[in-house]
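Taking it in order: structure first as structure tokens, then the write-up.
2 protein chains.
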Amino acid sequence: MTERKKLTLKDIAKELGISISTASRALKEHPDIADDTIKMVKDFAEKHHYVPNILAVNFRKNRTYNIGLIVPELVHHFFSTVISGAIDGAKKLGYNVLVSQSNDLLADETTACRTMLASSVDGLLISISNETLEADHLKEFLEEGKPVVQFDKITDHLNTPKVIVDDFEGAYQAVKHLIDQGYKKIAHIRGRREVKNANERALGYQKALEDHQMEQSSDWIKDCVHINEQEGYDFCEELLKSQNPPDAIFCITDLVALGVLKYLKEKQIAVPQEVGVVGFSNWKLAEIVNPGLSSVDQHGYEMGERSIVKLIQLIKDHNIENEEVIEIKTKLIIRGSSLKS
Amino acid sequence: MTERKKLTLKDIAKELGISISTASRALKEHPDIADDTIKMVKDFAEKHHYVPNILAVNFRKNRTYNIGLIVPELVHHFFSTVISGAIDGAKKLGYNVLVSQSNDLLADETTACRTMLASSVDGLLISISNETLEADHLKEFLEEGKPVVQFDKITDHLNTPKVIVDDFEGAYQAVKHLIDQGYKKIAHIRGRREVKNANERALGYQKALEDHQMEQSSDWIKDCVHINEQEGYDFCEELLKSQNPPDAIFCITDLVALGVLKYLKEKQIAVPQEVGVVGFSNWKLAEIVNPGLSSVDQHGYEMGERSIVKLIQLIKDHNIENEEVIEIKTKLIIRGSSLKS
DNA sequence: CTGTTAGCGCCTTCAA
DNA sequence: TTGAAGGCGCTAACAG
Numbered sequence: 001m002t003e004r005k006k007l008t009l010k011d012i013a014k015e016l017g018i019s020i021s022t023a024s025r026a027l028k029e030h031p032d033i034a035d036d037t038i039k040m041v042k043d044f045a046e047k048h049h050y051v052p053n054i055l056a057v058n059f060r061k062n063r064t065y066n067i068g069l070i071v072p073e074l075v076h077h078f079f080s081t082v083i084s085g086a087i088d089g090a091k092k093l094g095y096n097v098l099v100s101q102s103n104d105l106l107a108d109e110t111t112a113c114r115t116m117l118a119s120s121v122d123g124l125l126i127s128i129s130n131e132t133l134e135a136d137h138l139k140e141f142l143e144e145g146k147p148v149v150q151f152d153k154i155t156d157h158l159n160t161p162k163v164i165v166d167d168f169e170g171a172y173q174a175v176k177h178l179i180d181q182g183y184k185k186i187a188h189i190r191g192r193r194e195v196k197n198a199n200e201r202a203l204g205y206q207k208a209l210e211d212h213q214m215e216q217s218s219d220w221i222k223d224c225v226h227i228n229e230q231e232g233y234d235f236c237e238e239l240l241k242s243q244n245p246p247d248a249i250f251c252i253t254d255l256v257a258l259g260v261l262k263y264l265k266e267k268q269i270a271v272p273q274e275v276g277v278v279g280f281s282n283w284k285l286a287e288i289v290n291p292g293l294s295s296v297d298q299h300g301y302e303m304g305e306r307s308i309v310k311l312i313q314l315i316k317d318h319n320i321e322n323e324e325v326i327e328i329k330t331k332l333i334i335r336g337s338s339l340k341s
Numbered sequence: 001m002t003e004r005k006k007l008t009l010k011d012i013a014k015e016l017g018i019s020i021s022t023a024s025r026a027l028k029e030h031p032d033i034a035d036d037t038i039k040m041v042k043d044f045a046e047k048h049h050y051v052p053n054i055l056a057v058n059f060r061k062n063r064t065y066n067i068g069l070i071v072p073e074l075v076h077h078f079f080s081t082v083i084s085g086a087i088d089g090a091k092k093l094g095y096n097v098l099v100s101q102s103n104d105l106l107a108d109e110t111t112a113c114r115t116m117l118a119s120s121v122d123g124l125l126i127s128i129s130n131e132t133l134e135a136d137h138l139k140e141f142l143e144e145g146k147p148v149v150q151f152d153k154i155t156d157h158l159n160t161p162k163v164i165v166d167d168f169e170g171a172y173q174a175v176k177h178l179i180d181q182g183y184k185k186i187a188h189i190r191g192r193r194e195v196k197n198a199n200e201r202a203l204g205y206q207k208a209l210e211d212h213q214m215e216q217s218s219d220w221i222k223d224c225v226h227i228n229e230q231e232g233y234d235f236c237e238e239l240l241k242s243q244n245p246p247d248a249i250f251c252i253t254d255l256v257a258l259g260v261l262k263y264l265k266e267k268q269i270a271v272p273q274e275v276g277v278v279g280f281s282n283w284k285l286a287e288i289v290n291p292g293l294s295s296v297d298q299h300g301y302e303m304g305e306r307s308i309v310k311l312i313q314l315i316k317d318h319n320i321e322n323e324e325v326i327e328i329k330t331k332l333i334i335r336g337s338s339l340k341s
């Protein structure tokens with residue numbers, strides 16, 4: 001395979017008997033340059049497949065058109081949907097996306113940030129790990145004048161734009177739906193107290209109960225740590241074996257709801273007749289299970305797209321002071337797990 | 001936020017009263033440089049947080065430490081698993097990964113390739129789209145001396161290393177398992193004839209039947225086009241309503257198997273007693289459905305990791321002539337959908 | 001052991 | 001309307 005040497009401006013200038021700067025300007029149709037010259041240079045460039053050396057351009061301009069994107073997990077329906085939206089949005093605006101994952105570990109997140117910074121991305125899009133409480137590793141970006149946009153899992157310790165799902169409202173609607181369906185004792189298997197999304201959802205749950213004068217009980221609120229199927233299963237068992245068992249369960253996420261459904265199926269407790277279940281995120285699995293799992297869709301693709309558009313705007317404006325909060329509306333998808341009628 | 005100006009080698013040299021090249025060499029502990037000088041420079045650099053301008057280095061060295069990765073779909077359990085492995089592998093070797101998706105369209109794939117080439121990745125990792133029959137857009141990489149590694153969905157029109165799953169053997173084992181379980185009439189819902197993986201799996205299916213003197217029928221082979229749930233459902237119906245219905249179905253992928261399971265459940269046909277089902281890919285859904293879906297695991301994470309390691313090795317060796325084929329072993333995961341006993 | 005010099009490819013004043 | 005020259009930050013060949 002012959003590796004053809006790349007044509008440079010210098011080559012063009014020499015061939016055409018003009019100076020390098022004229023060639024450079026002609027290619028970008030600088031108004032000072034004569035039309036004839038422009039045509040000549042462009043024709044020549046086209047004919048010989050001239051491609052500017054992007055490395056030189058980037059070096060000169062001190063930017064890369066690359067954006068860093070860090071998520072807790074890559075193999076994850078919601079996050080991969082966000083990534084998909086971010087990549088498509090970036091492509092439209094002429095940017096590339098460098099993807100990395102933190103595995104929900106602060107150490108990995110910090111490493112990823114350093115790598116991104118070292119490879120000189122123009123900006124960062126991040127959904128922080130569960131362990132991230134402080135944000136010093138993120139401040140480094142701002143100190144270098146590189147904008148950061150947070151999405152979904154965010155921290156208030158960093159003043160950047162934030163693109164979030166309206167967790168409160170999503171939870172509120174989910175619980176209201178259960179109330180409308182006639183469930184009387186609604187439990188909530190919630191996420192960690194340090195995680196903002198989890199708190200918002202819990203608040204939405206509580207507000208819905210209050211607004212509709214529903215019975216409340218601290219026994220009906222269970223705190224997840226790992227937020228997995230097993231916890232859903234175990235908490236469901238605890239709830240149903242308690243003195244005052246609930247007749248509906250609102251879960252922090254679909255995976256937890258799956259554990260709940262599994263327990264109910266094993267014990268032959270009818271869903272949705274005896275117990276109603278609603279999840280959060282609307283993963284692929286929600287439509288696959290039987291009965292279908294009602295869930296709150298977070299519009300991940302849109303979130304990714306909006307986030308990247310915002311970030312690129314900040315990059316172009318050299319703006320690292322923006323703190324706008326963009327809220328993506330949720331949508332309750334009702335399926336068999338909570339639909340009595 | 002004060003944007004502190006970056007320290008350069010020039011600054012260090014001036015401060016320390018030495019030349020730029022001495023500073024440069026000292027930082028990389030060049031043997032010619034006196035230990036004292038090295039120490040002095042390193043101390044100074046550390047104290048003042050010197051970070052080399054990566055853009056300048058890349059420009060000078062004509063490489064980016066960025067690798068392009070193109071998959072048909074991002075929101076896809078198998079591909080996101082591969083990406084995860086590739087990213088982790090790249091990280092260990094000091095490379096970043098630029099991700100893009102083709103949506104299984106040749107046009108999008110070509111665009112993605114151009115963008116990657118323009119942003120000057122050091123090499124490309126790709127799983128081609130269903131539409132990709134020729135490979136001219138990929139040859140451009142090789143022509144520029146940038147190695148390419150193909151994985152999973154590959155084309156033989158491009159001479160590069162290929163990392164593939166042993167589709168033939170995976171299919172063979174799946175079908176052999178059905179035979180071992182006592183199924184007598186095994187059907188296959190297969191993928192497109194233009195797609196190599198699909199053909200390999202079909203051959204594995206056929207060979208297993210031959211080796212065990214099983215009944216064969218062209219009526220038992222159904223060709224998918226979209227490879228989705230609906231096709232699985234429809235073909236299952238066709239198969240079971242035929243003159244000579246099969247008692248087991250080996251599906252090209254889990255999604256198709258899901259459609260099959262749905263049909264069987266609706267018609268109250270017992271799985272695995274009356275009909276056995278095996279899928280391919282071992283997606284998350286395979287363990288979630290009830291009964292669990294037996295499936296052939298493709299070890300996506302390992303595939304991503306092996307692919308990227310191979311690619312980086314070629315980049316380092318400036319080697320674009322390699323055509324090694326790396327085969328990842330599959331593993332049959334047996335679940336309720338095919339386990340009679 | 002260290003400094004000088006030249007240059008990577010491009011852009012951008014400044015001068016003609 | 002064009003050209004010459006300088007420089008972005010770093011590396012490396014060549015001299016001392």
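Just so you know, the sequences run in chain order A and B. When we follow UniProt numbering, the leftmost residue of the first sequence carries the number 1, and every step to the right adds one. When we follow UniProt numbering, the leftmost residue of the second sequence carries the number 1, and every step to the right adds one. Even for Gly, the Cβ is constructed at its ideal location relative to N, Cα and C.
{"query": "Interfacial residues, the stretch 75-91 of chain A to chain B, with Cβ spacing under 9 Å", "result": "V75, H76, H77, F79, S80, T81, I83, S84, I87, D88 and K91"}
{"query": "Beta-ladder partner(s) of B/G276, from DSSP", "result": "B/A248"}
{"query": "Same chain, Cβ closer than 8 Å to A/N290, neighbours up to 5 away in sequence not counted", "result": "G336"}
{"query": "Own chain residues within Cβ distance below 6 Å of B/V99, not counting five before or after", "result": "L69"}
{"query": "Touching by the beta-carbon criterion (3+ pairs, under 8 Å), the stretch 179-192 of chain A and the stretch 202-220 of chain A", "result": "yes"}
{"query": "Chain B contact for A/N96 (CB, 8 Å cutoff)", "result": "yes"}
{"query": "Residue environment, B/L133, which counts as buried when at least 16 other CB atoms sit within 10 Å", "result": "exposed"}
{"query": "Buried versus exposed, by CB contacts within 10 Å (16 or more), B/S338", "result": "buried"}
{"query": "Amino acids of chain B, ordered along the chain, whose beta-carbon sits closer than 8 Å to that of A/Y65", "result": "S119"}
{"query": "C-beta neighbour in chain A for B/S127, strict 8 Å", "result": "no"}
{"query": "Test item: CB-CB of A/Y301 and A/G259 under 8 Å", "result": "no"}
{"query": "Per-residue contacts from A/F59 into chain B (C-beta, under 7 Å)", "result": "L55, A56 and F59"}
{"query": "Sequence-distant residues of its chain with Cβ nearer than 7 Å to B/T2 (five each side left out)", "result": "With a pLDDT of 39 at B/T2, under the threshold of 50, the modelled position of this residue cannot be trusted; read the value that follows with caution. Nothing meets the Cβ criterion."}
{"query": "Host beta strand (DSSP E) of A/K222 (start-end)", "result": "I221 to D223"}
{"query": "Every unbroken beta strand (DSSP E) within the stretch 52-139 of chain A, with a cutoff of 3 residues, ordered by chain", "result": "66-71, 96-101 and 123-126"}
{"query": "Beta-ladder partner(s) of A/V149, from DSSP", "result": "A/L125"}
{"query": "Whole runs of the alpha helix (DSSP H) within the stretch 169-215 of chain B, excluding any shorter than 4 residues", "result": "196-211"}
{"query": "Alpha-carbon spacing of A/Q150 relative to B/L105, whole angstroms", "result": "31 Å"}
{"query": "Residue burial classification, A/R201 (beta-carbon count within 10 angstroms, cutoff 16)", "result": "buried"}
{"query": "Under 8 Å (Cβ pairs) to chain A, residues found in the stretch 255-285 of chain B", "result": "L258, K265, K284 and L285"}
{"query": "Rounded straight-line distance, which links the Cα of A/V165 to that of A/I328", "result": "5 Å"}
{"query": "Test: B/N290 CB closer than 8 Å to a CB of chain A", "result": "yes"}
{"query": "Residues near A/I334 in its chain [Cβ-Cβ closer than 7 Å; skip 5 each side]", "result": "H177 and S294"}
{"query": "Simplified DSSP state of B/D297, which is helix, strand or coil", "result": "strand"}
{"query": "Cβ neighbours of B/D156 in the same chain (closer than 8 Å, five flanking residues each side left out)", "result": "K196"}
{"query": "Among A/S120, A/V75 and A/I221, nearest to residue 342 of chain A - alpha-carbon criterion", "result": "The structure shown does not extend to residue 342 of chain A, since chain A is modelled only from 1 through 341, so no value can be given for it."}
{"query": "Chain-ordered chain A contacts of B/Q101 [CB-CB under 7 Å]", "result": "S84 and I87"}
{"query": "Through-space distance from B/K47 to B/A23, alpha-carbon basis", "result": "15 Å"}
{"query": "Closer than 8 Å to chain A by CB, B/T155", "result": "no"}
{"query": "CB contact check: A/T115 to chain B, cutoff 8 Å", "result": "yes"}
{"query": "Between the CA atoms of A/A257 and A/D223 - distance to the nearest angstrom", "result": "14 Å"}
{"query": "Touching by the beta-carbon criterion (3+ pairs, under 8 Å), the stretch 84-104 of chain A and the stretch 52-69 of chain A", "result": "yes"}
{"query": "Cβ-Cβ distance between A/K162 and A/V325 below 8 Å", "result": "yes"}
{"query": "Neighbour list for A/N62 in chain B, Cβ cutoff strictly below 9 Å", "result": "N53 and L55"}
{"query": "Delimiting residues of the alpha helix (DSSP H) encompassing B/V325", "result": "Here B/V325 belongs to no alpha helix (DSSP H); instead the beta strand (DSSP E) covers V325 to I328."}
{"query": "Through-space distance from B/S120 to B/T111, alpha-carbon basis", "result": "14 Å"}
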